[in-house]
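Visitor:
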Amino acid sequence: MIRHSVIFTLKHAAGSDEELAFLRDAKILADIPGVEKFEQLRQVSAKNDYAFGFSMEFADQDAYAAYDAHPYHVSFVRDRWVPEVERFLEIDYVLI
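In short: position in the sequence shown from 1, add 1, done, that's the numbering used here.
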């Protein structure tokens, strides 16, 4: 199992229509075959200033690679993520 997570801050104002549209449109990632336990999260710790997180799981590296190459993911990254995300941190975990 691989847990893929990203924490990020958008370029949009908090609570704006653009922010809400980004989060709504990101839900398409959950429809990609192999994506399990897709979650959208709001970051609440005072220890950092990121605003959101996405978390999802994959059964194995092949499922993760298929997600990464899937047209929904490729177009979301190109058309929404790159132009709208201010900064992010990506972490992929496996159980130990």
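Just so you know, even glycine gets a beta-carbon here, dropped at the ideal spot from N, CA and C.
What do you get for V36, buried or exposed, if any count of 16 or more other CB atoms within 10 angstroms of its CB means buried?
Guide: buried
Visitor: Would you check if there are 3 or more beta carbon pairs closer than 8 Å linking the region 73-83 to the region 37-55?
Guide: These segments do not touch.
Visitor: Go to R79, then tell me how far its alpha helix (DSSP H) extends in each direction, as first and last residue.
Guide: Run containing R79: none; DSSP gives neither H nor E here.
Visitor: Just to confirm before moving on: does the CB-CB distance between Y73 and D32 stay below 8 Å?
Guide: Inclusion of Y73 and D32 in the CB contact set at 8 Å is warranted, their separation being smaller than that value.
Visitor: Could you tell me the alpha carbon to alpha carbon distance between G68 and P84, rounded to whole angstroms?
Guide: Inspection of the sequence shows that residue 68 is occupied by Tyr rather than by Gly. Those two C-alpha atoms are separated by around 21 Å.
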